[in-house]
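Residue numbers (my numbering): 1369 to 1698. The next block holds one structure in the form of structure tokens; read it before the comments.
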């Protein structure tokens, strides 16, 4: 345990903190609070009344998809993936295999943390708030509260299922940004399925989705500050670190016009008999690499690494060994 804490501390010191302030997100939080208040007074009563007196056309769909918000299957799946990643990391004979296993393990651990801890917060809040569910609308209305009632009938706000859905979908949107619109649509349908089946008010679902989504976002920022799964962009927002396919470049490979991808992590392995292993016209190549480096550190006497930007690098005339061994940001 102490070794893990020490490793995280070293990662935190090595990862330069970007300028991220809570002031950037408070306007969105203010919008969400007002949206929840408006939903309480404008949507909750009509929806509850309609659900009691009419058979919703969407109820069969809602009954089918609502169980997706149960966190049990997500917890079990992520735990299994974490265990498999640990085993693969220990058994893999190659650097590539260990790196990919660690990447998958960090991904599963991130989803696990988001779903479990956001769910715990939601369950604590719903017991403290004690709002009556729509099934008790005739007796208590939309503003019926009984704190610490010890009954699920007074645990409506926020929705636990919606919190799980919000946390999971936000986590997946950060892991796979090209599909974030799909995850947004899925999150809305899965969250509001709790309204369709009559288990929650719209305001309960909105609050749950917001709680889960914000928790996943701030967890990603925390992971990025420790160099786990995410990296901090220039604006401080988390950006997924993506594994770069490993390829060992052949010796004496000539580059006439080299351009390094943005965020590529290079390893220049120095030759014991000749240093440096990377030759370039004069000192222009080394100066260009140092000038465009985002992060640079030395792993050993023979290997040095650096993140470089997408600027055009001067032609490389000869490379003894050059190997991409790290992350590449999209």
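Built from N, CA and C at the ideal position, the CB exists for glycine as well.
From which residue to which residue does the beta strand (DSSP E) around residue i run?
i, result
"residue 1606", "1606-1608"
"residue 1517", "Unbroken run through residue 1517: none, as it is neither H nor E."
Does the separation of the CB atoms of residue i and residue j fall below 8 Å?
i, j, result
"residue 1530", "residue 1430", "no"
"residue 1577", "residue 1555", "yes"
"residue 1487", "residue 1532", "yes"
"residue 1540", "residue 1525", "no"
"residue 1449", "residue 1472", "yes"
"residue 1416", "residue 1497", "no"
"residue 1584", "residue 1482", "yes"
"residue 1704", "residue 1446", "Within the shown structure, residues of the chain are numbered from 1369 to 1698, placing residue 1704 beyond reach of any answer."
"residue 1608", "residue 1542", "yes"
"residue 1587", "residue 1457", "no"
"residue 1434", "residue 1565", "yes"
"residue 1512", "residue 1499", "yes"
"residue 1570", "residue 1400", "no"
"residue 1574", "residue 1407", "yes"
Taking only the alpha-carbon atoms, compute the straight-line gap between residue i and residue j and give it to the nearest angstrom.
i, j, result
"residue 1409", "residue 1597", "41 Å"
"residue 1767", "residue 1522", "Summary: the structure shown does not reach residue 1767, with the chain confined to residues 1369 through 1698, and so no result is reported for it."
"residue 1619", "residue 1464", "Low per-residue confidence applies at residue 1619: pLDDT is 33, beneath 50, and the placement is therefore not dependable enough to give any value."
"residue 1606", "residue 1508", "43 Å"
"residue 1572", "residue 1397", "16 Å"
"residue 1418", "residue 1404", "20 Å"
"residue 1581", "residue 1432", "23 Å"
"residue 1506", "residue 1466", "59 Å"
"residue 1633", "residue 1591", "In this prediction, residue 1633 has a pLDDT of 40, which is less than 50 and means its spatial position is unreliable; nothing more can be read from the coordinates."
"residue 1413", "residue 1599", "44 Å"
"residue 1518", "residue 1568", "18 Å"
"residue 1535", "residue 1427", "24 Å"
"residue 1594", "residue 1425", "48 Å"
"residue 1563", "residue 1454", "40 Å"
"residue 1546", "residue 1538", "13 Å"
"residue 1461", "residue 1475", "22 Å"
"residue 1527", "residue 1394", "22 Å"
"residue 1470", "residue 1601", "22 Å"
"residue 1440", "residue 1402", "32 Å"
"residue 1558", "residue 1549", "14 Å"
"residue 1501", "residue 1489", "19 Å"
"residue 1544", "residue 1520", "35 Å"
"residue 1493", "residue 1468", "38 Å"
"residue 1444", "residue 1452", "12 Å"
"residue 1612", "residue 1491", "For residue 1612, the pLDDT reaches just 42, beneath the cut-off of 50, and the residue's location in the model is therefore unreliable, leaving the point undetermined."
Could you check where the alpha helix (DSSP H) with residue i kicks off and where it finishes?
i, result
"residue 1476", "1463-1497"
"residue 1539", "1528-1543"
"residue 1583", "1570-1593"
"residue 1505", "1505-1508"
"residue 1562", "1548-1564"
"residue 1407", "1394-1410"
At a cut-off of 7 Å, is residue i close to the ligand ZN when judged by its beta-carbon and the heavy atoms of the ligand?
i, result
"residue 1489", "Questions concerning the ligand ZN fall outside what the structure shown contains, since it holds no ligand whatsoever."
Across which residues does DSSP place residue i in a beta bridge pair?
i, result
"residue 1599", "1607"
Which ranges does the alpha helix (DSSP H) cover as unbroken runs of at least 4 residues, wholly within the stretch 1422-1453, from first to last along the chain? Restricting attention to alpha helix (DSSP H) runs no shorter than 4 residues, the stretch 1422-1453 encloses them at 1427-1433, ordered along the chain.
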